[in-house]
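A.B. asks:
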Amino acid sequence: MSEEERLFQERIDAGVKIEAKDWMPEAYRKTLIRQISQHAHSEIVGQLPEGNWVTRAPTLKRKSILLAKIQDEAGHGLYLYSAAETLGVSRDELLAALHSGKAKYSSIFNYPTLSWADMGAIGWLVDGSAIINQIPLCRCSYGPYSRAMIRVCKEESFHARQGYDIMMSLAKGTPEQKAMAQDALNRWWWPSLMMFGPSDAESVNSAQSTQWRIKLFSNDELRQRMVDQTVPQAEYLGLTIPDPDLKWNAETGHYEFGEIDWAEFHAVLKGNGPCNRERLRTRVKAWEDGEWFREALVAHAEKHAGKKANTKAAA
Amino acid sequence: MSEEERLFQERIDAGVKIEAKDWMPEAYRKTLIRQISQHAHSEIVGQLPEGNWVTRAPTLKRKSILLAKIQDEAGHGLYLYSAAETLGVSRDELLAALHSGKAKYSSIFNYPTLSWADMGAIGWLVDGSAIINQIPLCRCSYGPYSRAMIRVCKEESFHARQGYDIMMSLAKGTPEQKAMAQDALNRWWWPSLMMFGPSDAESVNSAQSTQWRIKLFSNDELRQRMVDQTVPQAEYLGLTIPDPDLKWNAETGHYEFGEIDWAEFHAVLKGNGPCNRERLRTRVKAWEDGEWFREALVAHAEKHAGKKANTKAAA
Amino acid sequence: MDKFAYLLRLGDNALVLSQRLSELCGKGPALEEDMALTNVALDLLGQARMWLTYAGELEGQGRDEDALAYLRDAHDFKNVLLVEQPNGNYAHTLMRQFFFDTWHYFLIGALTQSTDRRIAEIAEKSLKEVTYHLRRSGDLVVRLGDGTETSHRYTQTAADELWMYTGEVFNYDSVDEAMVAVGVAPPAAQLRQQWLDHVSDIFGEATLTMPPADAWMQKGGKQGRHSEHLGYLLAEMQFLQRAYPGAEW
Amino acid sequence: MDKFAYLLRLGDNALVLSQRLSELCGKGPALEEDMALTNVALDLLGQARMWLTYAGELEGQGRDEDALAYLRDAHDFKNVLLVEQPNGNYAHTLMRQFFFDTWHYFLIGALTQSTDRRIAEIAEKSLKEVTYHLRRSGDLVVRLGDGTETSHRYTQTAADELWMYTGEVFNYDSVDEAMVAVGVAPPAAQLRQQWLDHVSDIFGEATLTMPPADAWMQKGGKQGRHSEHLGYLLAEMQFLQRAYPGAEW
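One line per chain: the protein sequences are A, B, C and D, in this order. The first sequence begins at 56 in the numbering used here and counts up one residue at a time. The second sequence begins at 56 in the numbering used here and counts up one residue at a time. The third sequence begins at 20 in the numbering used here and counts up one residue at a time. The fourth sequence begins at 20 in the numbering used here and counts up one residue at a time.
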């Protein structure tokens, strides 16, 4: 370890935030860029499964709440791209990596939204899991990322509550609505657990990230937290978690749960999820269709700057 | 009048059919091409307003009847293009004239189909008017056209009956359905009367076409026939014709009806109808999107012919 | 019930345009546009809810905002044809918005002076939003019109194609005239002049050619005679309320 | 009610594919294609009606073909994912049809030997139609695959993109197996081999590359877990029955 690296690690161990202008190991920078941009991409792609129901929201109030949520997600994307940009990479470069398939986004968005209840399940389970992942990151070592996470978490907790509220209405509703809610829970439960990533035994690079304080808890710890938090909520809704092996362990004070189907996890990651192709295509199409628009704004700004300069020169 | 022209007119006056191989005046040929191709184009464009409801037909049986009707229309287009082709013009040339906006199709298809009742009204009123226009043409002087008309009329009378049957179901249905039927009648009545063209006083070229027996009755005569036929049918349905001036004249044995809004007629003809742009665009898009397909079939046929020839040469 | 009919027109315009914009969620040409589009959709939806709620109360048949939004068929919708036109390319989306926003801004401004207190209040609440909408869409029209050759062409084409839908809002029928007569709504002539002046200013700055003011204009939406597009929009929007009648969501 | 479930799958496949084809009315690449598309849509619709009518009778709850077609939400539809895929360009439309027709032809052929008399009769009535469908779509795949460079590329792309939806029909679950056990339906292995052989023959003639038989395959449609496309298709198709409950048409 070089002297610089030693000092860097000391600052981290002392709980000092690293800022953009500070020296940092190249691997720390790269890991952060990967992690933050993947998070930003997830916010952007995450607009699509919800956008799929915004035009069909069942009441104007629900439509309004859902629109506001989608707007927040675009906003989160913006903060996060900005945080990544402090590390010396541009938003366009990050988007190019997304569009080429090189960069990842959360695999959960490769599942389809098949009923209105999915808007509830996504808020409750997916945003719920996201918060459990992100709350520790509010204390992570990189300043801009930590500050972005604080803003994001505040809004996400709203979203999770709104999602649970949708589930509540359905669970108290007609038999068809209750069935819709149960079906959504059945489809989103396991993918939500997979959001925390492979089990610790399989997880690569964790040790270094932990040392750098950009990963504060292990995947399995966070996953357990999600299960412990969610099972009683499901019970309150009168819905059944689709896991026959789920049971309360009074000694550990935790719920034990069944084996995750990692083959499915890897298949979706590899591109074989039900919607991988469509999600990416929708984003690429939006980007390509928008090229003339973005170019025009640049051209106009240049002309305008040119005009200003000419006016000055003439004066 | 040349000797040829005199003989030609004598044959027509004697009720002899003119066939493709026969001598004919250039103006006769041109008039027929214009008239037949306009009719063919109308069949093709006429698929679109009905296609607009086929995906939303209210029962599977109605959907099936509507699909069959649309298929018939494509078939009528085929016969009619073939009849036009006997006059020395290709289908592709005729379609090019349609797509460039040079050739016309029936203006009635520039009105939108706004409810299921429009499927009834189109069958009843539009196909009804078309039949009144076309029945005399079964006896017109040009053989291929006359034979095409005989086939077309047989199927059209089916369509008109099916349309009336839809109106009947609606008129006997719920108050909403009856209102739907009345609304459709309100919107389609006047455009259907306009289908017969300008009043005789305004009509150009009629005399020559009449002499050539490719126009057997005047526009106003045919229009009167349509009114006389349709008013009792509307009464039977319990629907009101949207014309306050409509009244029975016991002396003439005809219905008198109000003034047609010829300004609207000319506006739609000029391109200002509610759907002129969309109808033409849909057809042009289908044609352009299909170019690679048509080219491939030609290329395959040429290769195949080439292979056959090669095989023969080798043998 | 002229006032009920007038309120439906206001509510349906905002509702249908909001619906069109919400089709674009996550599909805008830049992240900032995604946010702005969703924001405008949200503002218009909020306004639609206020107009429809008031309309339902005035009608007194127990129809709330959802009953009016979800349980009317196309012929009972009273929005103008402009707002139901498909999104097209982004130049169309923006030009439709700019034409609408210009009228909407002057209308809402005038409605703050309405003799109907509730209408004046709703207009007052909406004024800041529609002011922002107009500034945004006018600004973008200028930047795209005076951007690249391509953006100029797209923008001009969008203007030419949408032009025939811009006259309907000024084409007053007996409902509109009744509202003018009692001071509820502003007269057409005044709004039309404001609209033409503003569009002309922005088009001038945008180096765009303004189509002739006396061009042929389509009509019918305000009376419930729509384009073929509206039926599809409603089939999608209303599906859940239609498929599960009486359910609470 | 395995047989009811099996009949729904047959009926829904035909109904949904017919609906997709009918979206193209008047929009085909040539007049002859317009006619053929409408014809196939019509045949499939007729078959759907027979399957759904039988399903409804077997269920004995008074649901007729229209109740089953118009009053079920997406999760109750049991068609495979292949048939609900959007039309795409015409190469997609045709390739979807060819993949379906090949399976459908061998299936219907086998069903003429079904131990269920009514199923055998319906299959018998459909056999001539599906034979024509297969000849037509196979013939077009050959001509487009071995046409121009462009048509070859489009056709190959369509095959590659739709491939992952072709495995579901052979992926038997307990419903399918129960039907095999009582001789109502043919086993998967036999159909799959016939399918692979025919597709391979046609692709050979078409100079197309056949994607690997062991590629990852999507599933879920038969169990009611569809793609996001089906909901929109149904919202449109079912609008009138949903908006005017109980009306006769």
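Yeah, the Cβ is synthetic: ideal placement off N, Cα and C, and Gly gets one too.
#1: In chain order, what residues of the stretch 75 to 100 of chain C put their CB closer than 7 Å to some CB of chain D?
#2: When you compare the stretch 23 to 43 of chain D with the stretch 105 to 125 of chain D, are there three or more beta-carbon pairs, one atom per stretch, that lie closer than 8 Å?
#3: Specify, as a first and last residue, the run of the beta strand (DSSP E) that W108 (chain B) falls within.
#4: For a contact defined as C-beta to C-beta under 7 Å, what are the partners of E255 (chain C) on chain D?
#5: For the ligand ATP, any of its heavy atoms closer than 7 Å to the Cβ of Y200 (chain B)?
#6: In terms of DSSP beta bridges, what is N32 (chain D) paired with?
#7: Can you check the stretch 46 to 115 of chain C for any beta strand (DSSP E) of at least 3 residues that lies completely inside it and give the ranges in chain order?
#8: Within the continuous beta strand (DSSP E) that includes W303 (chain B), where are the two ends?
#9: Which of the three DSSP states, helix, strand or coil, is assigned to E148 (chain B)?
#10: Let's see if you can read the secondary structure: which residues bound the alpha helix (DSSP H) around E59 (chain A)?
#11: Would N58 (chain C) pass as an interface residue toward chain A - the criterion being a Cβ-Cβ separation below 8 Å?
#12: Per DSSP, I73 (chain B) forms a beta bridge with which residues?
#13: Starting from Y191 (chain C), trace the beta strand (DSSP E) both ways and give me its first and last residue.
#14: In the DSSP output, what is E311 (chain B) paired with across the bridge?
#15: Among the candidates D:A60, D:V59, D:D83, whose CA atom is the shortest distance from the CA of W70 (chain D)?
#16: So does the stretch 45 to 65 of chain C actually touch the stretch 347 to 356 of chain B, counting three or more Cβ pairs closer than 8 Å?
#17: Quick one: which residues of the stretch 237 to 250 of chain D get their C-beta closer than 8 Å to a C-beta of chain A? List them in chain order.
#18: Which bits of chain A does P48 (chain C) rub up against, with CB to CB less than 9 Å?
#19: Taking only beta-carbon atoms, is F258 (chain D) less than 8 Å away from chain C?
#20: Suppose you measure from the CA of L34 (chain C) to the CA of K147 (chain C); what does that come to, to the nearest Å?
#21: To the nearest angstrom, report how far apart A176 (chain B) and Y25 (chain D) are at their CA atoms.
#22: Here's a check: name, in chain order, each residue in its chain whose Cβ is nearer than 6 Å to the Cβ of G178 (chain B), leaving out the five neighbours to either side.
#23: Check whether the Cβ atoms of N106 (chain D) and L163 (chain D) lie closer than 8 Å to each other.
#24: Give me the Cβ distance between L142 (chain A) and L87 (chain A), rounded to the nearest whole Å; I'm assuming they're in contact under 8 Å.
#25: Shortest alpha-carbon distance to D275 (chain B) belongs to which of B:V286, B:M223, B:E74, B:S261?
#26: If distances are taken between C-alpha atoms only, which option among A:D255, A:L292, A:A151, A:I120 comes closest to Q279 (chain A)?
#27: Have a look at S92 (chain B) and A200 (chain C) and give me their C-alpha separation to the nearest angstrom.
#28: Just the C-alpha distance for D179 (chain D) and G101 (chain A), rounded to the nearest angstrom, thanks.
#29: State the Cα-Cα distance for the pair H96 (chain B) and L63 (chain D), rounded to the nearest angstrom.
#30: Whose CA, out of B:E306, B:V286, B:T168, lies closest to the CA of P312 (chain B)?
#31: Leaving aside the five residues before and after R268 (chain B) along the sequence, list all residues of the same chain whose C-beta is less than 7 Å from its C-beta, in chain order.
#32: The stretch 211 to 241 of chain B: which residues have C-beta closer than 9 Å to a C-beta of chain C, in chain order?
#33: Hey, could you find the ends of the alpha helix (DSSP H) G130 (chain A) is sitting in?
#34: Exposed or buried, which one is G132 (chain A) when buried takes at least 16 other CB atoms within 10 Å?
#35: Looking at the C-beta of A266 (chain D), does it have a partner C-beta in chain C at a distance below 8 Å?
#36: Using 8 Å as the limit for Cβ to Cβ distance, is A176 (chain A) near chain D?
C.D. replies: According to the structure data:
#1: D92
#2: yes
#3: Locating residue 108 (chain B) in the second sequence gives position 53, counting from the first residue. Residue range 102 to 109 is occupied by the alpha helix (DSSP H) that includes W108 (chain B), with no beta strand (DSSP E) assigned at that position.
#4: For this step, residue 255 (chain C) is matched to residue 236 along the third sequence. Correct list: Y251, A254.
#5: With respect to the ligand ATP, the structure shown offers nothing to examine, as it has no ligands at all.
#6: Reading the fourth sequence from its first residue, position 13 is the one you call residue 32 (chain D). According to DSSP, which records beta bridges pairwise, N32 (chain D) is partnered with nothing at all.
#7: Runs of the beta strand (DSSP E) spanning 3 or more residues and lying entirely within the stretch 46 to 115 of chain C do not occur at all.
#8: Residue mapping note: residue 303 (chain B) aligns to position 248 of the second sequence, counting from 1. Segment 302 to 304, the beta strand (DSSP E) holding W303 (chain B).
#9: One-based indexing of the second sequence puts residue 148 (chain B) at position 93. Helix.
#10: Within the first sequence, the letter at position 4 stands for residue 59 (chain A). Looking at the DSSP string, the run of the alpha helix (DSSP H) that includes E59 (chain A) is 58 to 68.
#11: Taking the first residue of the third sequence as 1, we reach residue 58 (chain C) at position 39. Closer than 8 Å: yes.
#12: Stepping through the second sequence from its first residue, residue 73 (chain B) is reached at position 18. Partner(s): B:Y197.
#13: Along the third sequence, one-based indexing puts residue 191 (chain C) at 172. Segment: none, Y191 (chain C) is in no beta strand (DSSP E) and carries neither H nor E.
#14: In the second sequence, the residue the question calls residue 311 (chain B) occupies position 256. Paired residues: B:K302.
#15: Here residue 70 (chain D) refers to the residue found at position 51 of the fourth sequence. Closest by alpha carbon: D:D83.
#16: no
#17: Q237, G239, R244, H245, S246, E247, G250
#18: Working through the third sequence from its first residue, we reach residue 48 (chain C) at position 29. A341, W342, D344, G345, E346, W347, F348, R349, listed in chain order.
#19: Here the question's residue 258 (chain D) lines up with position 239 in the fourth sequence. Yes - at least one Cβ of chain C is within 8 Å of the one on F258 (chain D).
#20: Counting from one through the third sequence, the residue named residue 34 (chain C) turns up at place 15. Counting from one through the third sequence, the residue named residue 147 (chain C) turns up at place 128. Distance between the alpha carbons of L34 (chain C) and K147 (chain C): 18 Å.
#21: Taking the first residue of the second sequence as 1, we reach residue 176 (chain B) at position 121. Taking the first residue of the fourth sequence as 1, we reach residue 25 (chain D) at position 6. Between A176 (chain B) and Y25 (chain D), the C-alpha separation is close to 40 Å.
#22: Within the second sequence, numbered from 1, the residue matching residue 178 (chain B) stands at position 123. So the list reads H214, A215, Q217, G218, once near-sequence residues are dropped.
#23: Position 87 of the fourth sequence, counting from 1, holds the residue named residue 106 (chain D). Position 144 of the fourth sequence, counting from 1, holds the residue named residue 163 (chain D). No, the Cβ-Cβ distance between N106 (chain D) and L163 (chain D) is not below 8 Å.
#24: Numbered from 1 along the first sequence, position 87 holds the residue referred to as residue 142 (chain A). Numbered from 1 along the first sequence, position 32 holds the residue referred to as residue 87 (chain A). Confirmed, about 6 Å.
#25: Your numbering for residue 275 (chain B) matches position 220 in the second sequence. Nearest C-alpha to D275 (chain B): B:S261.
#26: By one-based count along the first sequence, residue 279 (chain A) stands at place 224. Checking every option, the nearest Cα to that of Q279 (chain A) belongs to A:D255.
#27: Counting from 1 along the second sequence, the entry for residue 92 (chain B) is found at position 37. Counting from 1 along the third sequence, the entry for residue 200 (chain C) is found at position 181. Cα to Cα, the separation comes out at about 53 Å.
#28: Residue numbering aside, residue 179 (chain D) sits at position 160 when the fourth sequence is read from its first letter. Residue numbering aside, residue 101 (chain A) sits at position 46 when the first sequence is read from its first letter. Near 27 Å, if we compare the C-alpha coordinates of G101 (chain A) and D179 (chain D).
#29: One-based indexing of the second sequence puts residue 96 (chain B) at position 41. One-based indexing of the fourth sequence puts residue 63 (chain D) at position 44. Their backbone Cα atoms lie some 28 Å apart in a straight line.
#30: Counting from one through the second sequence, the residue named residue 312 (chain B) turns up at place 257. One detail in the question is off: residue 312 (chain B) reads as Phe in this sequence, not Pro. With distances taken between Cα atoms, F312 (chain B) lies closest to B:V286.
#31: For this step, residue 268 (chain B) is matched to residue 213 along the second sequence. Result list for R268 (chain B): I67, C195, S196, in chain order.
#32: E231, A234, M235, D238
#33: The residue labelled residue 130 (chain A) in the question sits at position 75 within the first sequence. It spans 115 to 140 - the alpha helix (DSSP H) in which G130 (chain A) sits, taken as one unbroken run.
#34: Walking along the first sequence from the start, residue 132 (chain A) turns up at place 77. By the 10 Å Cβ count, G132 (chain A) comes out buried.
#35: For the purposes of this step, residue 266 (chain D) is taken as the residue at position 247 of the fourth sequence. Taking Cβ atoms only, chain C never reaches closer than 8 Å to A266 (chain D), which makes this a no.
#36: The residue given as residue 176 (chain A) occupies position 121 in the first sequence. Output row for A176 (chain A): interface = no.
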